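Counting in my numbering, the sequence shown runs from 2 upward without gaps.
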Amino acid sequence: MPVYNGAAFIERAIASISEQDYPNFSVLVSDNASDDGTWEILEGWAARDGRIVLVRQAENIGAVGNFRYVLDHSDTGLFLWHAHDDWWEPNYLEILVGVLQENPECDVACGNAVRCMPDGREKKSIRFPALPAERVRRVRYMLSHPEATWFYGLYRAKALSSAQATAEEFSHVWTMDRVMILEFILNDRVAGSRETTFFQRTGELSSDRYRPVGASNQLRFLARFSRYHLKALICCRLSYAEKALVSLWLVVHLARTAHLRIYKRWIKWPWKRVKMKFSLLLGRKA
């Protein structure tokens with residue numbers, strides 16, 4: 002758990018971890034030089050639950066650096082991140098461990114998600130999808146219905162370390178969650194369950210503050226974002242034919258995850274026309 006100034010919400014987050022039905026885990030919390038009482042709250046929890054290990058950074062190492070720190074200093078075969086203002090159902094770890102055991106070819110397991118207001122009120126419920134059986138259709142579906150909360154799923158640590166190193170080349174906090182999960186989607190390594198739920202607090206505490214501002218900054222971001230998507234497609238394990246079949250849906254993924262005003266004019270609306278024509282050629286409804 003990377004945290005910076007999370008005193009207002011970290012009690013609920015830590016409690017949801019400590020109260021998990023699945024007992025065999027450890028929690029590494031990296032306090033990124035907080036000055037709002039977060040550390041004192043953490044010390045109280047560590048005294049009550051020996052599975053909680055605390056590290057206090059001498060100076061702020063940045064959000065990406067703090068996420069990387071907890072990954073680099075973990076020594077377990079499975080790993081997940083937990084934001085200081087989110088929480089889980091009690092069976093979250095138990096269910097997701099089971100998903101990975103049942104799907105050895107997959108590297109990340111996800112559950113349902115509920116997006117909540119800063120005050121904890123539920124805003125939107127998102128069920129994990131029933132994915133198609135065919136690989137290309139499965140990848141295509143996940144690209145066209147990207148879910149940022151999958152970032153907080155349970156990973157095989159070795160696969161995550163590799164994906165994290167690649168994602169850091171993107172070097173932008175905005176949409177980092179979508180960038181991270183893209184490699185797992187393209188390689189068809191995502192599995193999930195509807196038997197457990199992750200609760201994500203959004204709004205003023207989200208990554209919105211990192212959104213590129215101004216047309217020039219947004220264009221630079223989109224150029225880098227597009228290059229990353231192309232590289233991910235080239236490097237994934239799909240065959241050449243499969244890459245060709247999912248390439249148009251990679252554009253959908255790019256458009257839906259950028260969340261920038263400028264993309265609507267240059268990507269989103271032109272893409273809708275292309276998608277309609279492509280669907281008509283296939284004899285399907287757009």
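Virtual Cβ for every residue (Gly too), placed ideally from N, Cα, C. Predicted, not measured: the structure shown is a model, and the values here were computed from it.
Segment limits, alpha helix (DSSP H) that includes residue i
i    : result
F226 : A216 to C236
R136 : R136 to S145
R49  : T39 to R49
F185 : M177 to L187
L161 : A158 to A168
A14  : I11 to S19
Contact under 7 Å by Cβ, residue i with residue j
i    : j    : result
R195 : N92  : no
L251 : L234 : yes
V71  : I53  : no
G154 : C111 : yes
D87  : F200 : yes
V247 : R141 : yes
A224 : R179 : no
A164 : E135 : no
Sequence-distant residues of its chain with Cβ nearer than 6 Å to residue i (five each side left out)
i    : result
C107 : R190 and A192
S35  : Y5 and N6
S19  : D50
V56  : S31
T203 : R116
Residue i: first and last residue of the uninterrupted beta strand (DSSP E) it sits in
i    : result
T197 : V191 to R202
E333 : Residue 333 is absent from the structure shown; the chain starts at 2 and stops at 287.
S31  : V28 to D32
N113 : V109 to C117
Sequence-distant residues of the same chain with beta carbon closer than 7 Å to residue i, five excluded per side
i    : result
F68  : P3 and W82
H85  : M2, V4, G7, F10, I11 and A14
I96  : G112, S194, E196 and T197
A158 : S75, T77, G78, L79 and F80
P133 : R139 and Y142
F26  : R52 and L94
Through-space distance from residue j to residue i, alpha-carbon basis
i    : j    : result
N104 : V98  : 10 Å
A131 : E41  : 43 Å
W89  : I127 : 14 Å
D120 : S31  : 24 Å
I182 : F80  : 14 Å
L144 : V100 : 21 Å
G38  : S227 : 41 Å
S162 : L187 : 17 Å
C237 : R257 : 20 Å
K244 : S217 : 31 Å
K125 : T77  : 32 Å
A160 : W46  : 30 Å
T1   : L220 : Summary: the structure shown does not reach residue 1, with the chain confined to residues 2 through 287, and so no result is reported for it.
Y229 : N33  : 28 Å
I263 : R122 : In this prediction, I263 scores a pLDDT of 46, lower than 50, which makes its location untrustworthy; no coordinate-derived value is stated.
D73  : Q58  : 14 Å
Beta-carbon proximity list for residue i, same chain, < 8 Å, skipping 5 on both sides
i    : result
L206 : With a pLDDT of 47 at L206, under the threshold of 50, the modelled position of that residue is not reliable, and the figure given next carries that caveat. Hits under 8 Å: F10, D86 and P119.
Please go through the segment 45 to 99 and give each complete beta strand (DSSP E) segment of 3 or more residues, from N-terminal end onward. Counting whole runs of 3 or more residues, the segment 45 to 99 contains the beta strand (DSSP E) stretches 53 to 57.
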